[in-house]
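S.K.: Residue numbers (the numbering used here): 107 to 583.
Every residue gets a Cβ at the ideal spot worked out from N, C-alpha and C, and that includes glycine.
Just so we're clear, the structure is a prediction, and the values are computed from it rather than from any experiment.
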Ligand code: SF4
Ligand code: FE
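1) Is there contact between the segment 153-164 and the segment 194-204, where contact requires at least three CB pairs shorter than 8 Å?
2) Measure how close the beta-carbons of residue 399 and residue 472 come, nearest whole angstrom, since I'm counting them as under 8 Å.
3) Tell me whether residue 551 counts as near ligand 1, meaning its Cβ is closer than 7 Å to at least one heavy atom of that ligand.
4) With a threshold of 16 other CB atoms inside 10 Å of the CB of residue 345, please say whether the residue is buried or exposed.
5) For residue 398, is the beta carbon positioned less than 7 Å from some heavy atom of ligand 1?
6) With distances taken from CA atoms, which of 359, 528, 131 and 477 is nearest residue 203?
7) Pull up the DSSP beta-bridge partners for residue 362, would you.
8) Short check: CB of residue 220 to CB of residue 386, under 8 Å?
9) When DSSP builds the beta bridges, which residues end up paired with residue 461?
10) My assumption, with CB atoms under 8 Å, is that residue 458 sits in contact with residue 116. Please give the rounded CB distance.
11) Can you say whether residue 568 is buried or exposed, counting buried as having 16 or more other CB atoms within 10 angstroms of its CB?
12) What are the start and end residues of the beta strand (DSSP E) that includes residue 291?
13) Could you pull out every unbroken alpha helix (DSSP H) segment of at least 4 residues lying fully inside the segment 339-410, listed in chain order?
14) Which residues share a DSSP beta bridge with residue 130?
15) Looking only at C-alpha atoms, which of 312, 317, 316 and 321 sits nearest to residue 304?
16) Would you tell me roughly how many angstroms separate the C-alpha atoms of residue 131 and residue 152, rounded to the nearest one?
17) List the residues that DSSP assigns as beta-bridge partners of residue 166.
18) Are the CB atoms of residue 446 and residue 191 within a distance shorter than 8 Å?
19) With a cut-off of 8 Å on the beta carbons, I'd call residue 391 and residue 252 a contact; round off their distance for me.
20) Is residue 461 near residue 187, with beta carbons less than 8 Å apart?
Okay, structure coming up:
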């Protein structure tokens with residue numbers, strides 16, 4: 107298993123074409139906007155070497171028997187799934203942001219199931235190719251980006267009817283050595299901190315769209331791949347540095363990945379033209395990733411801790427309404443924890459041997475994630491007070507002319523500096539760059555709310571419920 111330093115060094119060796127503010131970056135790892143997100147991924151490497159977190163962070167590979175980072179593991183039983191949820195909460199709490207590495211883990215697990223199922227029906231050899239690739243990922247302890255979301259153009263039209271055929275990633279040429287793909291994947295979490303990009307289709311496809319039914323993996327610095335980093339609210343604070351950033355250690359990032367005729371050798375192609383399995387791949391990945399939103403419980407822990415701390419600094423922590431609000435925040439946050447543990451505990455074995463989560467419960471969990479963090483954030487802002495958004499900059503506090511007045515008038519129970527620090531952290535989590543991860547990503551990441559409602563309506567056993575009601579009141583039809 108790599109250490110955090112080895113991970114950083116491994117990224118330095120990559121030559122990614124990354125654009126930010128209209129310019130190509132010379133050093134991705136050292137860029138002040140991206141570096142906090144790299145540090146968050148590095149934490150997934152670091153914790154695997156901590157004795158106290160070993161049980162959650164380290165697993166035994168089912169293909170080599172070696173100790174591996176759980177982020178590269180294929181879940182072998184329900185216990186593995188439960189540990190995955192615990193790992194998400196742990197890292198969310200450690201970083202206070204999106205630590206990005208789950209998408210790759212979820213893509214690997216989904217492919218371990220679906221490549222097997224495709225082979226059974228079509229007599230292909232995708233599972234063998236996939237297992238060879240998996241071994242490579244596990245032995246090198248790589249971070250993979252699981253890339254699913256296409257730009258989609260006119261959402262009312264399927265891929266083959268789009269005016270621009272590149273609105274969904276598709277194969278433009280087939281050769282004896284492999285395929286050439288074109289298109290883009292949007293909102294890619296942790297893209298430029300990844301060694302590998304694993305592409306999957308974004309939705310269930312029909313025969314007319316079989317050129318779009320493609321899944322493959324490429325090294326992230328493959329020729330003809332370009333990354334454009336998305337802006338985040340208050341991202342310039344990362345360039346300024348200092349305590350106005352709120353979270354001084356970590357952050358997340360998303361990027362648009364453009365595939366401008368990228369060559370993929372056959373041994374890295376895990377689905378091509380089997381449109382009848384595109385829906386299954388999407389559903390498996392989505393269910394795993396909806397479980398992964400255990401991360402928000404950990405980030406919620408940080409926000410609740412911060413809200414309690416500012417109440418103390420303001421001298422109101424004993425007020426009954428404050429105590430009640432803190433209880434409410436905890437109740438909401440741990441309800442989310444119940445969901446991600448439940449979908450893991452109710453997991454089951456797939457024909458490939460991989461354990462998958464209970465899809466209904468994973469979708470219910472993620473649906474709650476689209477709501478509860480917003481309420482937790484609202485309560486945190488309520489407790490924090492208006493200073494959260496009216497506080498002057500750190501530089502004003504340091505000013506020889508006015509600093510003394512700010513120190514005097516912004517003093518609460520404790521040192522003014524600490525009061526400002528905790529307010530900036532709440533600002534970061536509910537309005538700033540980490541609000542991308544805690545709020546908007548809670549809404550749209552792993553699929554927008556309506557995607558979960560469709561799955562819930564499909565998966566709920568309505569007939570059973572009707573029959574239970576009918577039996578009790580004597581309806582015999
Ligand atoms: Fe992982 Fe959560 Fe980030 Fe998704 S949003 S990659 S589940 S930390
Ligand atoms: Fe996400």
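M.R.: So, from the data block:
1) yes
2) Between residue 472 and residue 399 the Cβ distance is about 6 Å, and since that is below 8 Å, they are a contact.
3) yes
4) If you draw a 10 Å sphere on the C-beta of residue 345, you find fewer than 16 other C-beta atoms in it, and that means exposed.
5) Relative to ligand 1, the beta carbon of residue 398 is positioned inside 7 Å of a heavy atom.
6) 359
7) 334
8) yes
9) 455
10) 29 Å between Cβ atoms; not a contact.
11) With fewer than 16 Cβ atoms within 10 Å of its Cβ, residue 568 is classed as exposed.
12) 284-295
13) 342-346 and 384-398
14) Note: residue 130 sits in a beta bridge opposite 125.
15) 321
16) 26 Å
17) BP columns for residue 166 point to 173.
18) yes
19) 7 Å
20) yes
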